[in-house]
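Undergrad: All letters in the sequence shown, in the order written, are residues 2 to 172 by the working numbering.
For every residue, glycine included, the Cβ atom is placed at its ideal position computed from N, Cα and C.
From a predicted model like this one, the values you see are computed outputs, not experimental measurements.
I'd like to ask some things about the structure below.
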Amino acid sequence: MRVWISMVMPSICPENELRLLYQHGNPEMCLAVEEAIARCGMSTVRVWTTSPCVVVGRFQEVDNEVDVDYCRRNGIKILRRFTGGGAVFLDEGVACLSFCLPLQQNPLDVFRALSSCVGETVGAGIDEKNSLFIEKKKVSGAASCKKWGSLFHHMTLLVECDLENMKALTH
Numbered sequence: 002m003r004v005w006i007s008m009v010m011p012s013i014c015p016e017n018e019l020r021l022l023y024q025h026g027n028p029e030m031c032l033a034v035e036e037a038i039a040r041c042g043m044s045t046v047r048v049w050t051t052s053p054c055v056v057v058g059r060f061q062e063v064d065n066e067v068d069v070d071y072c073r074r075n076g077i078k079i080l081r082r083f084t085g086g087g088a089v090f091l092d093e094g095v096a097c098l099s100f101c102l103p104l105q106q107n108p109l110d111v112f113r114a115l116s117s118c119v120g121e122t123v124g125a126g127i128d129e130k131n132s133l134f135i136e137k138k139k140v141s142g143a144a145s146c147k148k149w150g151s152l153f154h155h156m157t158l159l160v161e162c163d164l165e166n167m168k169a170l171t172h
């Protein structure tokens, strides 16, 4: 990670003021911190994990994306994030990576650069939606937005996720 930050961040964060944060916490708090970082607009790289939950994109219909009954029976919270994109299952085995930069550059170039760097780090290929694949299996998805004067890009990285839960609760 240190090599990646020293190589990539100076080109997309020229002011050289960068916060690096790590957190493990409950899902509601973790998502609240995501939004607070985006609203603040300070250059930030955050890595976080949380207990089992499903997070749906801003514009999604929960019933179309998630098996709500399964989540209810298994005590899995369903939350909504401020960015778009698909539903994601999170647990302690999913690393969440968040990047916030002041709104000064071409967002698509920045988002692509961030996803590409993470992909190179873990040996994954990248598609047009900035999702990462290893041996044709998706290991990471990403969502981004321009809001509150910030570029915000976050992504998941499956490390040791509960695949049975993930398969059972998403449509």
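Shortest alpha-carbon distance to residue 77 belongs to which of 67, 84, 85 and 103?
TA: Here residue 77 is taken as the residue at index 76 of the sequence shown, counted from 1. Of the candidates 67, 84, 85 and 103, the one whose C-alpha sits nearest the C-alpha of residue 77 is 67.
Undergrad: Hey, how far is the Cα of residue 93 from the Cα of residue 21?
TA: One-based indexing of the sequence shown puts residue 93 at position 92. One-based indexing of the sequence shown puts residue 21 at position 20. Cα to Cα, residue 93 sits roughly 20 Å from residue 21.
Undergrad: In angstroms, rounded to a whole number, what distance separates the CA positions of residue 95 and residue 144?
TA: Position 94 of the sequence shown, counted from the first residue, corresponds to residue 95. Position 143 of the sequence shown, counted from the first residue, corresponds to residue 144. Between residue 95 and residue 144, the C-alpha separation is close to 15 Å.
Undergrad: Kindly indicate which residue of 41, 70, 43 and 34 has the alpha-carbon position closest to the one of residue 49.
TA: One-based indexing of the sequence shown puts residue 49 at position 48. Closest by alpha carbon: 34.
Undergrad: Whose C-alpha, out of 38, 170, 160 and 81, is nearest the C-alpha of residue 147?
TA: As a first step, residue 147 is located in the sequence shown; it is residue number 146 there, counting from the start. Per the Cα distances, 38.
Undergrad: Is residue 19 closer than 8 Å to residue 98 when the C-beta atoms are compared?
TA: In the sequence shown, residue 98 corresponds to position 97, counting from 1. In the sequence shown, residue 19 corresponds to position 18, counting from 1. Against a cut-off of 8 Å, the Cβ pair of residue 19 and residue 98 comes out as no contact.
Undergrad: Under DSSP, the alpha helix (DSSP H) around residue 31 begins and ends at which residues?
TA: Within the sequence shown, numbered from 1, the residue matching residue 31 stands at position 30. Residue 31 -> alpha helix (DSSP H) spans 28-41.
Undergrad: Can you list, in chain order, the residues of its chain whose CB lies under 7 Å from that of residue 61, leaving out five sequence neighbours each side?
TA: As a working note, residue 61 is residue 60 in the sequence shown. 88.
Undergrad: Can you give the beta carbon distance from residue 26 to residue 51, rounded, assuming they're within the 8 Å contact cut?
TA: Translated into the one-based positions of the sequence shown, residue 26 becomes position 25. Translated into the one-based positions of the sequence shown, residue 51 becomes position 50. Between residue 51 and residue 26 the Cβ distance is about 6 Å, and since that is below 8 Å, they are a contact.
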